[in-house]
C-alpha cells in the first residue's frame, strides 16, 4: 500500500503530537460541557467515543483518498459555549443533542451551498497567513512561558530542539518529544495513575428539539464553530499551499456530526493548530507525503474513541508544561513562514499586521474568538486603504 511507503517517523510523530496537543489542551472543557447537561460517567465516555471516531474517520479517510492532509477536530470554543450556556439554561442532555443536530444541519448547509468557501476566496493570502501566524504565535509564547513553572524541563527541550535542528533537522520534533518525556519520567512528573484499562462504549440519547435550545445552544455553537474553527482552519490549509475541496469537507463534518450527535459529538470542524503541525515541513520535507501525518493523527483519534479511558489516561499523564513546550517548538517553522508570507507584499502589509495583532490578542467579543475579529479588522483596514484606488503600474 502506498501509504506505508510514504509514511515516515517524522510524519507519525507529527500526527502523535497533533493528537497530544489537541486532546490535552481542551479535553477538560469537553468534560465540563458534558457535565453541564448532567452527563453520567458512561455518557462522558460516550462523548469521547463519538468525538474520537468522528475526528478520526473525517481526517483519515479524506487524507487517504485525496493524498493531502485533512485535519478535523472538535470545536473547542463550541465546547466552552456549551459549558457556559448549559449551566445557565438548565438544559437536559436530550435538548443538548437536539441542538447539536440543528447546528450540524446548519454546517452541512453552509458546506453544500459553498457560501463559506466563497467568503474565504475573497480574503487575500497575506491576511490568511497573518491569521495563521496570530493563532499559532500564542502557542509559541506559551512554550517559553512554561519555563516559569518548569524551567529545567523546558530548557532541556529547547536545547534538544536546537541541537536536533542542527544535526538531524527532520527528526527534531521526535527527538525533542523523547527528551521531554524521558526528563519528565525521571523527575516523577508523569501521572501514570490516570491510566485506566477500560473500553469506551457508545450511549444513545434520543434528541429533543426546543426553540430555547436552538437559540441558546445551536446557533451560538454554529457561529463560533464557523468563525473560530473553520475560518482559521481554511486559512491554515491555504497558507500551507494545499488545494482542498473545502465545501465538500465542511459538508462531511456536518453530516458526521449529525450522525454522531446522539452519542455526544457536538461539533466537528477543520482544525488550525494541529493542522499546521501535520501540514508543515516538520511532518515531512516532501509536501506530497505529509498526508501520512494526518492519516496517523486520524488513526490515533479512532483509537481514542475505541479505548477512550486508556488513551485519555496516557495523554493526560503528560505534564502540562511538556505539552505546551512541544506544541510551541513544533510550530516555530510554521509561525515563521506565516509571518514571512503575511508581510511579503507592501500593499497588504499593514492590514496583515493588524490581523496578526488582533488575532494574537485573544480578544473575545459576543462569544466569538479573536481569529474571526482578526480577519474582520484586517479586511476593514484593507478596504479603507485600498478601496477606489487603482493598482499602481510599474514605471
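Residue numbers (the working numbering): 5 to 399.
Backbone N, C-alpha and C define an ideal beta-carbon position, used for all residues, glycine too.
In the DSSP assignment, what residue or residues form a beta bridge with residue i?
{"i": "residue 272", "result": "78"}
If we ignore side chains and look at the alpha-carbon of each, how far apart do residue i and residue j end up?
{"i": "residue 399", "j": "residue 382", "result": "Model confidence at residue 399 stands at a pLDDT of 42, short of 50, so the residue's coordinates are unreliable and nothing is read from them."}
{"i": "residue 109", "j": "residue 58", "result": "16 angstroms"}
{"i": "residue 90", "j": "residue 344", "result": "42 angstroms"}
{"i": "residue 307", "j": "residue 337", "result": "29 angstroms"}
{"i": "residue 46", "j": "residue 268", "result": "11 angstroms"}
{"i": "residue 147", "j": "residue 22", "result": "15 angstroms"}
{"i": "residue 7", "j": "residue 391", "result": "48 angstroms"}
{"i": "residue 213", "j": "residue 310", "result": "29 angstroms"}
{"i": "residue 248", "j": "residue 122", "result": "14 angstroms"}
{"i": "residue 226", "j": "residue 163", "result": "42 angstroms"}
{"i": "residue 150", "j": "residue 329", "result": "7 angstroms"}
{"i": "residue 387", "j": "residue 347", "result": "17 angstroms"}
{"i": "residue 397", "j": "residue 380", "result": "Note that residue 397 scores a pLDDT of 49, beneath 50, so its modelled location is shaky and nothing firm can be said."}
{"i": "residue 5", "j": "residue 170", "result": "33 angstroms"}
{"i": "residue 192", "j": "residue 220", "result": "44 angstroms"}
{"i": "residue 49", "j": "residue 233", "result": "24 angstroms"}
{"i": "residue 230", "j": "residue 92", "result": "23 angstroms"}
{"i": "residue 30", "j": "residue 235", "result": "19 angstroms"}
{"i": "residue 113", "j": "residue 273", "result": "14 angstroms"}
{"i": "residue 322", "j": "residue 276", "result": "22 angstroms"}
{"i": "residue 125", "j": "residue 244", "result": "15 angstroms"}
{"i": "residue 389", "j": "residue 354", "result": "9 angstroms"}
{"i": "residue 174", "j": "residue 207", "result": "43 angstroms"}
{"i": "residue 228", "j": "residue 168", "result": "39 angstroms"}
Under the criterion of a Cβ to heavy atom distance below 7 angstroms, does residue i qualify as lining the ligand ZN?
{"i": "residue 159", "result": "Among the components modelled here there is no ligand, and therefore nothing to report on the ligand ZN."}
Report back the beta-carbon spacing between residue i and residue j to the nearest angstrom; my notes put them in contact at under 8 angstroms.
{"i": "residue 325", "j": "residue 153", "result": "6 angstroms"}
{"i": "residue 86", "j": "residue 43", "result": "Residue 86 to residue 43, Cβ: 11 angstroms. No contact."}
{"i": "residue 15", "j": "residue 375", "result": "With 8 angstroms as the limit, residue 15 and residue 375 do not qualify as a contact, their Cβ atoms being about 27 angstroms apart."}
{"i": "residue 63", "j": "residue 75", "result": "6 angstroms"}
{"i": "residue 217", "j": "residue 102", "result": "6 angstroms"}
{"i": "residue 305", "j": "residue 60", "result": "3 angstroms"}
{"i": "residue 342", "j": "residue 195", "result": "No, residue 342 and residue 195 are not in contact; Cβ-Cβ is about 34 angstroms, not under 8 angstroms."}
Inspect the beta-carbon positions of residue i and residue j and report whether they are closer than 8 angstroms.
{"i": "residue 286", "j": "residue 176", "result": "yes"}
{"i": "residue 364", "j": "residue 138", "result": "yes"}
{"i": "residue 258", "j": "residue 26", "result": "no"}
{"i": "residue 418", "j": "residue 237", "result": "This structure gives no information on residue 418, because the portion of the chain shown stretches from 5 to 399."}
{"i": "residue 81", "j": "residue 253", "result": "no"}
{"i": "residue 473", "j": "residue 352", "result": "The structure shown does not extend to residue 473, since the chain spans only 5 to 399, so no value can be given for it."}
{"i": "residue 73", "j": "residue 242", "result": "no"}
{"i": "residue 111", "j": "residue 261", "result": "yes"}
{"i": "residue 144", "j": "residue 332", "result": "yes"}
{"i": "residue 368", "j": "residue 222", "result": "no"}
{"i": "residue 283", "j": "residue 334", "result": "no"}
{"i": "residue 71", "j": "residue 292", "result": "yes"}
{"i": "residue 327", "j": "residue 140", "result": "no"}
{"i": "residue 17", "j": "residue 181", "result": "yes"}
{"i": "residue 3", "j": "residue 265", "result": "Residue 3 cannot be examined here, being either before or after the span of the chain that is shown, 5 to 399."}
{"i": "residue 56", "j": "residue 301", "result": "no"}
{"i": "residue 68", "j": "residue 240", "result": "no"}
{"i": "residue 12", "j": "residue 271", "result": "no"}
{"i": "residue 142", "j": "residue 366", "result": "yes"}
{"i": "residue 83", "j": "residue 54", "result": "no"}
{"i": "residue 362", "j": "residue 377", "result": "yes"}
{"i": "residue 179", "j": "residue 189", "result": "no"}
{"i": "residue 120", "j": "residue 160", "result": "no"}
### 4 or more residues per run - each alpha helix (DSSP H) lying fully within the segment 304-353
Taking only runs of at least 4 residues, the alpha helix (DSSP H) segments lying wholly in the segment 304-353 are 312-320, 324-334 and 336-346.
### Query
Could you give the uninterrupted runs of the alpha helix (DSSP H) lying entirely in the segment 56-141, keeping only those of 4 residues or more?
List check, alpha helix (DSSP H) in window: 80-93, 97-116 and 119-125.
### Task
Would you list, in sequence order, the uninterrupted alpha helix (DSSP H) runs of no fewer than 4 residues that lie entirely inside the segment 248-297?
Listed in chain order, the alpha helix (DSSP H) elements of length 4 or more contained wholly in the segment 248-297 are 250-264 and 277-283.
### Task
Please specify which runs of the alpha helix (DSSP H), each continuous and at least 4 residues long, are wholly inside the segment 153-231, giving them in chain order.
Unbroken alpha helix (DSSP H) stretches of 4 residues or longer found wholly inside the segment 153-231: 155-171, 176-190 and 223-229, given in chain order.
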